[in-house]
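Quick note: the sequence shown, position 102, residue 93 per our numbering, numbers continuous.
Think of the CB as a built atom: it goes at the ideal place given N, C-alpha and C, for glycine as much as any other residue.
This structure is a prediction, so every number in the text was calculated from the model and none was measured.
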Amino acid sequence: MSATEVFFLALGLSLGVAVGAAFLDVVRAKPPRPEVRLTITHNALPRRDAVDPGAASVLSSSIASLRDAEISPAVGVERIPISIGRGVDPVLAALREPAVARVAAPAAVAAAGQGATIALAEREPTADPSDAPTTGTGADASAPAAAQSAVAADAGPCAALRRQVEERCAVAARAHDQAEATAAALREARRAYDDVSARIDGAARASDPRAVNEAKETARHVFRTASEQAASRADLERAATTWLSAINDINRATREAAETITREGRIAADLLTAVEKQTLDVDAARITAEAAAEACRNARQALATCEESRTTQTTTALPAPAGVDAADAAPGWDVERGGPPAIARLLQGDRAVLGQVVTALAGDDPTERRRYQLLLSGLVDAIVAGSIAQAVLDFPAGHPFWSEFDRSEGRDIVVGLASLGYRYDGVGGFVDGRVPGQRDLSLAVGYAGLDPMRIRRWPDQAGMAELFRGVSIDAGEYLAGAAPQMELSDMLTLLGRRSEALADLWNAWGRARPVLLEPVAQAPSIQADHP
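The following block contains the structure:
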C-alpha cells in the first residue's frame, strides 16, 4: 500500500468519525416528549354544604320572598289591565289589500246613438271640508275602519270559507306565475335551439361538397382567363397567387364549417334534451295551475253561496234613469221581478245605480268605495269587450250599408271583418285605424254566407272609414244570453282571461251578485256583514 492510499484512508476515517459525532449530537439535542401528569385527590370539588352558611341563608330568604310575592298580591298596588288581541296575519292582510294597484283604470267604451258606457271609476263627489272629522288624517281615519272590517270578516259565519278562498287563491296565483315562468323558459329554450339549428344549416350549406367544388371550379376558371390574358410572367404569377389564395380561403371556410357543425351539434343535442325536459315541466306546471285554479273557483263558489244565504235585500224603490224606459233597458233580460237588474243599468253607464251598488257593497268607507268603483268598472269593461269580440252590436236604421242586412247578418259581417284584421274599436271606428277596402268588405260579406252581388251600393273610401259610425254595443244582451243568473262559474267562463284582474270582486261575489241582480225599480241595498 502506497503512501497516497494510506493518506486517503486516514482522511476518510477522520471524516467518518466527525460526521458520526455530529449526527449523535443532533439526535441527543431533540426535545423530550411532553409529559401529561394527572393528579387525583379525594373530593376535589367543594361540597354544597361547604358554602358559606351566611350566603346560603341570604339566598334562601331571597327565593322565599320571590315565591311569596308571586303567590300573594301586593297590597295597595294598582294593576293596569293590558288587552291582548288576536292580531292580523300579515300574509292574509297582504292578500286583503285593496286591488287599486292591480285593477287598471277602465277605459271608457262609448257607442254613439245610445247611452254609452262611461268611466265608472270617476271619483265620488266629496262633501264640504268643514263636514269632515277633525281628528286625524284620512289615512288615520280609514285605518280603524279597515281593521274593523278585517275583524268582522274573520269573525263572521263565512270566515272559514273566506280564509279558504284566500289560501287557495293565493296558491292558484303562485301556480299560475310558476306556469307562466316555465312556459317562458321553454320558449327561450326553443328559440335558442332554433338559432343553433340555423347556424348548423348555414354551416352545412357552406361545407356541401358540391358547393365547394363549384367554388373551386369558379376560381380555376378565373385563373385560366387571367393566365390567357397575361402579358408578362409577373401577370401570370399574380393570377396564380390569386387562384391559390381563393382555394386556400375555400378550404379554410370548409374546415370552419365542419368545426361549427360539430360544435353546434353538441349544443343542439343538449338544448334538445333541455327542451324535452322543459316540455314535461310545462305540462306539469299547467296541470298544477289548472287544478289550483279549479280549487280557487270552487272555494269562491262556496263562499258566494254562504254569503248569499245570509244576504237580506230591502225593497226600497230606486228611480229609473230619466229618458230610459225600464221595459226597453235590456231587451233580452228577465225582468219578472219588477225591472231590469242593476247590472243592465251599469252597462248603460247609469251613475245613480252605480252609487247604490257601491253603497251596498262598501258602505261609507271611502277606500272601499273607490276599490269597488274600480272593480265594477273593470267588470263593465270586461263585459263590453266580450260583446265587441262576439260582435253583439246594434246597427243604425237607414244606414246606406247596414240597412241592407238584418241584425244577425250584420253581426256575421263584423265577425268576417275581424277575421281579416279589421276590428271594431267600440267608439265608431276601426282598431289602430286600419280601414278595409271594398275587396275586404266583399270577402267579409262572403264569409258571412251572403252574396256580395246583392249589395247595390258599396261604401267609398270615406264611407268605409265611417262604416261603424252609429253602431252601438248591446252588452246587456250579451250578458243575458251567456250568464243570465251571473253564477260565478258562468262569469269566469264568459270573461276568460279578462276575469283575472277582478279577483277581489270574485272573492266578494256572494254579496255582489244579489246586488247586481236586484231589479232597477228597487234599491240594491243589503244588510249583511261587509268585510
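- Rounded to whole angstroms, the Cβ separation of Ile258 and Val187 is 5 Å, and the two are in contact under 8 Å.
- Three or more pairs of CB atoms, one per stretch, sit closer than 8 Å, so the segment 207 to 225 contacts the segment 233 to 241.
- Here the segment 432 to 441 does not lie against the segment 369 to 376, with fewer than 3 beta-carbon pairs under 8 Å apart.
- In the structure shown, the three-state DSSP call for Asp199 is coil.
- Where Glu298 is concerned, the enclosing alpha helix (DSSP H) starts and stops at 224 to 300.
- Between Ala439 and Asp403, the C-beta spacing is below 8 Å.
- Residue pairing from DSSP places Ser463 in a beta bridge opposite Asp385.
- Less than 8 Å separates the beta-carbon of Leu152 from that of Ala290.
- In the structure shown, the three-state DSSP call for Phe392 is coil.
- Between Gly467 and Pro387, the C-beta spacing is not below 8 Å.
- Judged by DSSP in its simplified three-state form, Pro505 adopts helix.
- In this structure the segment 351 to 367 lies against the segment 497 to 508, because at least three pairs of beta carbons, one per stretch, are closer than 8 Å.
- Val344 sits away from Val506, with the two beta carbons spaced by 8 Å or more.
- Bounds of the alpha helix (DSSP H) holding Ser480 are 479 to 486.
- The C-alpha of Arg19 lies about 32 Å from the C-alpha of Phe(-2).
- Under the three-state reduction of DSSP, Pro510 is assigned to strand.
- Ranked by how close their Cα comes to the Cα of Ala249, the residues Val203, Glu400, Cys297 have Val203 in first place.
- The beta carbon of Asp465 sits closer than 7 Å to the beta carbons of Ser378, Val383, Leu384, Asp385 from its chain, once the five residues preceding and following it are set aside; these are given in chain order.
- The C-beta distance from Pro427 to Leu411 rounds to 7 Å, short enough to meet the 8 Å contact threshold.
- Taking the Cβ atoms as the reference, Tyr469 lies roughly 13 Å from Gln339, outside the contact range of under 8 Å.
- Between the C-alpha atoms of Ala174 and Gln476 there is a straight-line separation of about 36 Å.
- In this structure Pro510 is buried. Its beta-carbon is surrounded by 16 or more other beta-carbon atoms within 10 angstroms.
- The closest CA to that of Asn242, considering only Arg159, Pro200, Glu400, is found on Pro200.
- Per DSSP, reduced to three states, the secondary structure at Tyr413 is coil, with no helix or strand assignment.
- The DSSP-derived three-state label of Pro427 is coil.
- Per DSSP, the beta-bridge partners of Phe421 are Tyr415.
- Annotation for Trp497: the continuous alpha helix (DSSP H) segment containing it runs 494 to 498.
- Burial state of Phe14 is exposed, judged by a 10 Å Cβ sphere holding fewer than 16 other Cβ atoms.
- Check the Cα spacing between Ala172 and each of Gln220, Ala275, Thr216: the tightest is with Ala275.
- Measuring C-alpha to C-alpha distances from His212 to each of Asp192, Ala12, Thr233 identifies Thr233 as the nearest.
- In the three-state reduction of the DSSP assignment, Pro332 falls in the strand class, which pools E and B.
- When C-alpha distances from Val156 are compared across Ala284, Ala230, Asp272, the shortest belongs to Ala284.
- In the three-state DSSP reduction, Leu177 falls in the helix class (H, G or I).
- For Met444, the number of other beta carbons within 10 angstroms of its own is below 16, and it is reported as exposed.
- Taking 8 Å as the cut-off, the Cβ atoms of Arg288 and Leu408 do not count as close.
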